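> Numbered according to the numbering used here, the sequence shown spans residues 7 to 308. Every residue, glycine too, gets a C-beta built ideally from N, C-alpha and C. Just so we're clear, the structure is a prediction, and the values are computed from it rather than from any experiment.
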Amino acid sequence: MIRSMTAYGASRLETEQGTLAVEVRSVNNRFLDLNLRIPDDLRFAEGAVRDIVARHALRGKVEVRLNYSVPERETLRPIDAQAVQALAEQLAWARRYIPDLPAPGLAELPREGGARTGLEPDVWLPLCEQACTQAMAEFRTAREREGARLAQAMLGMADEIDTIVRTVETSLPGLVQQHQERIAQRLREALLAASPEGFAAISGAELTARIAQEAGLFGLRVDVAEELTRLQSHQQELREILGGMHKSATRGSGKRLDFLFQEMNREANTLGSKAAALSVTQAAIDLKLLIEQMREQAQNIE
């Protein structure tokens, strides 16, 4: 299954110990770039969260945000006024440099008798793992939905490429025939210009052989059968990747597609350099445009 690198997932757990919320969002990136936003009281869960994300995401810039709240009964100790005042002074000083720095929540204010009691890892670590697993499951589903849409769009472009390739393939014999007729006409005109009796100076067999020779050379110069065959082969490989026919297509498909589009672009360039008619030149341009559009879509695939 093709997966996009752009997705969003979230989960929320309501328990007797408190409420835990997890949000996961990502955009495309060449490698896995994980940014965790976790309260200090939940830092003990950082390693577990990283492991869970790594099992579900291979590439992308992924941001995971954890937030929690505890029942009121756990924060009833009196607030330490002096500590809060010192904290306010520090916050005012910091806002001179970071104007939008948020203020701490009520639950985060220092309490009398020392800092607020931290959360128990034995209780909250399993909750963090459960919430992250649920969020990543939704995140993965969203990636697959978006990946399916990207794959469908690229398959539509692949159909357009097939149409162009078939059109060029069908037109090649006609192009060679037209060139052969032009050669014959030019030879006749040259012979008549050289001598009114020019045709008498050359036999029909010689004229036919010369025309065939020129047409053959032209056919070799404009022979793009190999390029067209490779383009068709690349289209088959593209459909296999997008259809998930290979087991490995579920991971690293974006990199495989990027390499495939490089090869397709190479064939389109060669087709353009061998163009024997304006229609073939236009076909090469259209192919390059479609390949570039697919490459842009593939940049968002994991």
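Below 8 Å, can you find three or more Cβ-Cβ pairs linking the region 28-38 to the region 61-73?
They touch, by the three-pair rule.
> If we ignore side chains and look at the alpha-carbon of each, how far apart do residue 11 and residue 21 end up?
Start at 1 with the first residue of the sequence shown, and residue 11 comes out as number 5. Start at 1 with the first residue of the sequence shown, and residue 21 comes out as number 15. Going from the Cα of residue 11 to the Cα of residue 21 covers about 32 Å.
> Contact defined as beta carbons within less than 8 Å: I believe residue 248 pairs with residue 137. What is the distance between those atoms, to the nearest angstrom?
One-based indexing of the sequence shown puts residue 248 at position 242. One-based indexing of the sequence shown puts residue 137 at position 131. With 8 Å as the limit, residue 248 and residue 137 do not qualify as a contact, their Cβ atoms being about 33 Å apart.
> Between which two residues does the beta strand (DSSP E) harbouring residue 16 extend?
In the sequence shown, residue 16 corresponds to position 10, counting from 1. Per DSSP, residue 16 belongs to the beta strand (DSSP E) from 13-20.
> Short check: CB of residue 290 to CB of residue 267, under 8 Å?
The residue labelled residue 290 in the question sits at position 284 within the sequence shown. The residue labelled residue 267 in the question sits at position 261 within the sequence shown. No, they are not a contact pair.
> Could you give the C-beta distance for residue 154 and residue 8, rounded to a whole number, given that I count them as a contact under 8 Å?
Here residue 154 refers to the residue found at position 148 of the sequence shown. Here residue 8 refers to the residue found at position 2 of the sequence shown. Residue 154 to residue 8, Cβ: 7 Å. Contact.
> Taking the C-alpha atoms as reference points, what is the distance between residue 75 and residue 275?
In the sequence shown, counting from the first residue as 1, residue 75 sits at position 69. In the sequence shown, counting from the first residue as 1, residue 275 sits at position 269. If you take the alpha carbons of residue 75 and residue 275, they lie about 60 Å apart.
> Within 10 Å of its beta-carbon, does residue 129 have 16 or more other beta-carbons around it, so buried, or fewer, so exposed?
Position 123 of the sequence shown holds residue 129. Counting Cβ neighbours within 10 Å, residue 129 comes out exposed, since fewer than 16 surround it.
> To the nearest angstrom, how far is the alpha carbon of residue 63 from that of residue 294?
Translated into the one-based positions of the sequence shown, residue 63 becomes position 57. Translated into the one-based positions of the sequence shown, residue 294 becomes position 288. Each residue's Cα considered, the two are about 31 Å apart.
> For residue 131 and residue 50, what's the separation of their Cα atoms in angstroms?
Along the sequence shown, one-based indexing puts residue 131 at 125. Along the sequence shown, one-based indexing puts residue 50 at 44. One C-alpha to the other measures close to 7 Å.
> Extract the residue ranges of the alpha helix (DSSP H) inside the region 84-141, only unbroken runs of 4 or more that lie entirely within it.
If we require 4 residues or more, the alpha helix (DSSP H) runs fully inside the region 84-141 come out as 87-101.
> Please list, in chain order, all residues of the same chain as residue 237 whose beta carbon is under 6 Å from its beta carbon, the five residues on each side excluded.
Indexing the sequence shown from 1 puts residue 237 at position 231. Counting only Cβ-Cβ distances below 6 Å, and skipping sequence neighbours, we find 171, 273.
> What residue from 56, 73, 61, 39 has the CA that sits closest to residue 27's CA?
Position 21 of the sequence shown, counted from the start, is the residue given in the question as residue 27. Comparing Cα positions, the closest option is 73.
> Tell me which residues share the same chain as residue 285 and place their Cβ nearer than 7 Å to its Cβ, disregarding the 5 neighbours each side in the sequence.
Here residue 285 corresponds to residue number 279 of the sequence shown, with the count starting at 1. Here the set comprises 177.
> Put residue 67 into one of helix, strand or coil per three-state DSSP.
The residue you call residue 67 lines up with position 61 of the sequence shown. Of the three classes helix, strand and coil, the one that applies to residue 67 here is strand, per DSSP.
> Nearest by alpha-carbon distance to residue 270: which of 125, 301, 260 is it?
Position 264 of the sequence shown holds residue 270. Measuring from the Cα of residue 270, the nearest candidate turns out to be 301.
> Please report the residue range of the alpha helix (DSSP H) in which residue 48 lies.
Taking the sequence shown and counting its residues from 1, one reaches residue 48 at position 42. Premise fails: residue 48 is in no alpha helix (DSSP H) and is neither H nor E.
> Assuming residue 89 contacts residue 97 under a Cβ cut-off of 8 Å, what Cβ separation, rounded to an integer in Å, is found between them?
The count along the sequence shown starts at 1 and reaches residue 89 at position 83. The count along the sequence shown starts at 1 and reaches residue 97 at position 91. Not a contact, Cβ separation roughly 12 Å.
> Quick check on residue 230: does DSSP put it in helix, strand or coil?
Position 224 of the sequence shown, counted from the start, is the residue given in the question as residue 230. The answer is coil: DSSP assigns residue 230 none of H, G, I, E or B.
> For residue 16, tell me which candidate among 142, 160, 158, 52 has the shortest Cα-Cα distance.
One-based indexing of the sequence shown puts residue 16 at position 10. The option with the nearest alpha carbon to residue 16 is 142.
> Find out if the Cβ-Cβ distance for the pair residue 288, residue 168 is shorter than 8 Å.
Translated into positions along the sequence shown, residue 288 becomes position 282. Translated into positions along the sequence shown, residue 168 becomes position 162. Cβ atoms of residue 288 and residue 168: not closer than 8 Å.
> Could you tell me the distance, in whole angstroms, from the CA atom of residue 252 to the CA atom of residue 292?
If you number the sequence shown from 1, residue 252 lands on position 246. If you number the sequence shown from 1, residue 292 lands on position 286. Residue placement at residue 252 is poorly supported in this model, since its pLDDT is 42, which falls under 50; the coordinates still yield a value, given next. Distance between the alpha carbons of residue 252 and residue 292: 29 Å.
> Do residue 86 and residue 36 have their C-beta atoms closer together than 8 Å?
Sequence index remark: in the sequence shown, residue 86 carries index 80 (1-based). Sequence index remark: in the sequence shown, residue 36 carries index 30 (1-based). The answer is no: Cβ separation not under 8 Å.
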